[in-house]
Every structure is written in C-alpha cells, then in structure tokens.
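Q:
In the working numbering, the protein residues as written are 42 to 222.
1. In this structure, how does DSSP classify residue 80 when only helix, strand and coil are distinguished?
2. Let's test the definition: count the other Cβ atoms within 10 Å of the Cβ of residue 112 and tell me whether it reaches 16, buried, or not, exposed.
3. By the three-class DSSP mapping on this structure, what secondary structure does residue 45 have?
4. For residue 192, which residues in the same chain have their Cβ closer than 6 Å to its Cβ, ignoring the five residues on either side in sequence?
5. Grab me the residues of residue 58's own chain with a C-beta within less than 7 Å of its C-beta, minus the 5 sequence neighbours each way, in chain order.
6. Considering Cα atoms alone, identify which of 167, 123 and 187 is closest to residue 98.
7. Given a threshold of 16 other Cβ atoms within 10 Å of its Cβ, counted over all protein chains shown, does residue 79 qualify as buried or as exposed?
8. Is it true that the CB of residue 196 sits closer than 8 Å to the CB of residue 54?
9. Report the three-state DSSP secondary structure of residue 158 (helix, strand or coil).
10. Alpha carbon to alpha carbon, how far is residue 186 from residue 109? Give it in angstroms, no decimals.
11. Using 8 Å as the threshold, is the region 123-134 in touch with the region 165-183, meaning 3 or more CB pairs across them?
12. What span of residues does the alpha helix (DSSP H) with residue 187 cover, start to end?
13. Quick check for students: name the residue ranges of the alpha helix (DSSP H) that lie wholly in the region 84-142, counting only runs of 4 or more.
This is the structure:
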C-alpha cells in the first residue's frame, strides 16, 4: 500500500489530494496548522488518515512530526502555501509579508523534505512533489504578486537542487503547476 504525506490538507488542493489518496486506499498523513475544520472532519475519521498538526515554518515542530512517523513514506507532497501580502508590487512591498511568503512557499518545502528524508529513504519508490505555479516561471513576465512569484521561482530552483542531490539515491523530486485554482 502507498503511504503519502501531504502538507496543507486543511483545505483546497491539499484536502482534495488527501481525499483522492484515501479513495485509492492509501495511507495518508495530512498536515495543517490546526485541527481540520468541522466541515472537513470526515477525512480525519477515515481509518487510513493520520492528522499531523504543525506549522511548516516551525522547523522544530516539523522535525517533531517527522519523529512521530516510524514508517516509509512513498510520496511527499509539499502543498502548504500562501499567496502573500496584499501589498506585493515592486513599488509597494510589504517586506514582512514577503519574508513570510518566502518562509512558507520556499524554505518550508526544503525543511519538510529534509525532516522526512529518513522516511522517504525507506520507500522502494520515493517521490517528492512540490506544488509550484506558472507564476514562478521566469518566462511569465509580470510584476503583480511579486512576493508569490519570487517564492515559487525560488522553490523551483530549490527542488531542482534536491533532485540533483537525491537522484543518485533513487528519490525523484519534481515541482509541478497544478493549473489555475
């Protein structure tokens, strides 16, 4: 049976990925910053769903969550993310918001991957998938949402580096654009 860990399962893409994985009969570890809202609690009641509560930017909490899992992880999906601050143009930037966007969208996927690497190494076919965006493409020229765009461009480069570093171990690492959501 496939075991998958998905960050950001409280709503949106992460929640849907968790639902579809459970429908396939997979074991799902799903993380969110807080308990899943009451309306979505039904996935938590599934026997194959294991709820992990941690903020992806709290590296100690990420490591503590990884220490709780004594099983191989076949697929890690770095899904948790934020769109960034209201003011994020090059001429009107909320710099604290920009830093937070980088922390969540760029640094956290690396920290989560590092923390769960021992579990991935125990899988016979380990994969790391990071949800990115077309907005992070260098060929997509626009200056709106620059904090978000920069964070996704940076995470693409980080994942490219991880793919290079882990490829020799048979760990596949990719970034993907899921389409407009």
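From the three backbone atoms N, C-alpha and C, an ideal C-beta is built for every residue, glycine too. Only a predicted model underlies this, so the values are computations on that prediction, with no experimental measurement involved.
A: The answer reads as follows:
1. Walking along the chain shown from the start, residue 80 turns up at place 39. With a pLDDT of 49 at residue 80, under the threshold of 50, the predicted position of this residue should be treated as unreliable, and no value is reported.
2. Here the question's residue 112 lines up with position 71 in the chain shown. With fewer than 16 other Cβ atoms within 10 Å, it is exposed.
3. The residue given as residue 45 occupies position 4 in the chain shown. Strand, per DSSP.
4. Here the question's residue 192 lines up with position 151 in the chain shown. Excluding residues within five positions, the ones whose Cβ falls inside 6 Å are 142, 143, 146 and 147.
5. Position 17 of the chain shown, counted from the start, is the residue given in the question as residue 58. Answer for residue 58: 47, 118 and 120, listed in chain order.
6. Here residue 98 refers to the residue found at position 57 of the chain shown. If we check each option's Cα against that of residue 98, 123 comes out closest.
7. Within the chain shown, the letter at position 38 stands for residue 79. Note on residue 79: pLDDT 44, under 50, position unreliable in the model; no value is reported.
8. Position 13 of the chain shown, counting from 1, holds the residue named residue 54. Position 155 of the chain shown, counting from 1, holds the residue named residue 196. Their beta carbons are not under 8 Å apart, which means residue 54 does not touch residue 196 by this criterion.
9. Translated into positions along the chain shown, residue 158 becomes position 117. Of the three classes helix, strand and coil, the one that applies to residue 158 here is helix, per DSSP.
10. Here residue 109 refers to the residue found at position 68 of the chain shown. Here residue 186 refers to the residue found at position 145 of the chain shown. Rounded to the nearest angstrom, the two C-alpha atoms are 36 Å apart.
11. no
12. On the chain shown, residue 187 is found 146 positions in, with the first residue counted as 1. Its alpha helix (DSSP H) spans residues 187-207.
13. 100-109
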